[in-house]
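Student:
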Amino acid sequence: MYTLDPDKAPQPGETLDGYIRRLRISASISQQQLATAAGIHLQSLGKLERGKTGRLNQKTQTGLAAALSIPIEYLEAICSGKPVSSIETRKFCPQCWTPGTEPESVWTLYRAKYCLLCGTQLRANCTFCGEPLTSFKHKFCPHCGTAYKAATQKRK
Ligand SMILES: [Zn+2]
Ligand SMILES: [Zn+2]
Numbered sequence: 122m123y124t125l126d127p128d129k130a131p132q133p134g135e136t137l138d139g140y141i142r143r144l145r146i147s148a149s150i151s152q153q154q155l156a157t158a159a160g161i162h163l164q165s166l167g168k169l170e171r172g173k174t175g176r177l178n179q180k181t182q183t184g185l186a187a188a189l190s191i192p193i194e195y196l197e198a199i200c201s202g203k204p205v206s207s208i209e210t211r212k213f214c215p216q217c218w219t220p221g222t223e224p225e226s227v228w229t230l231y232r233a234k235y236c237l238l239c240g241t242q243l244r245a246n247c248t249f250c251g252e253p254l255t256s257f258k259h260k261f262c263p264h265c266g267t268a269y270k271a272a273t274q275k276r277k
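Each residue of the sequence shown is one higher than the last, beginning at 122 in our numbering.
As structure tokens, then:
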């Protein structure tokens, strides 16, 4: 399974150029090597590391994420100026998740729509009132009291 290194997440206040440079240096690769691995022009990468590029197109994002072994979400977060925690969706599998425990990381970070363990569609909200799950420590929706675990059955 893919494990996430917390050092690879964007740090608070880090800029896109600083972030890319930091990851590249910690991976001990040159700009040329990174550009080649990411399938982008060396010149584009140079501009990016000098802070001349605030936004990445889809192809660049995908390439850089693969070359630096980071989730695309990290790049999206830093481009949009939001902390990673704000883009991590708190998704859970209504079948496998035990309320009150930390979820499987495969549910939350990636663009997963279905549970890898049982194939159930992942949920991020209370089925009754639609409020997003705010903490995996909660067993019930704080807004309406609906149990998250039983949230597959709609209450009327
Ligand atoms: Zn499941
Ligand atoms: Zn609710």
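The beta carbon of each residue, even a glycine, is placed where N, CA and C say it ideally should be.
Taking 7 Å as the cut-off, is the CB of His162 close to at least one heavy atom of ligand 2?
Tutor: no
Student: Return yes when the C-beta of Leu238 is under 7 Å from any heavy atom of ligand 1, and no when it is not.
Tutor: Checking every heavy atom of ligand 1 against the Cβ of Leu238, one is found closer than 7 Å.
Student: Please state whether the Cβ-Cβ distance between Thr229 and Lys212 is less than 8 Å.
Tutor: yes
Student: Would you mind reading off the limits of the alpha helix (DSSP H) that contains Thr267?
Tutor: Element bounds for Thr267: n/a, residue is neither H nor E.
Student: Count the other C-beta atoms from every protein chain shown that fall within 10 angstroms of the C-beta of Gly184, then say buried if there are 16 or more, exposed otherwise.
Tutor: buried
Student: Could you give the residue range of the alpha helix (DSSP H) that holds Leu185?
Tutor: 179-189
Student: Could you spell out where the alpha helix (DSSP H) holding Glu194 opens and where it closes?
Tutor: 193-201
Student: Taking 6 Å as the limit between beta carbons, can you name the residues of its chain near Thr181, skipping five residues before and five after?
Tutor: Ile161
Student: Are the Cβ atoms of Ile193 and Tyr140 separated by less than 8 Å?
Tutor: Not closer than 8 Å, so no.
Student: Taking a contact to mean a Cβ-Cβ separation below 8 Å, would you say Lys260 touches Trp218 in this structure?
Tutor: no
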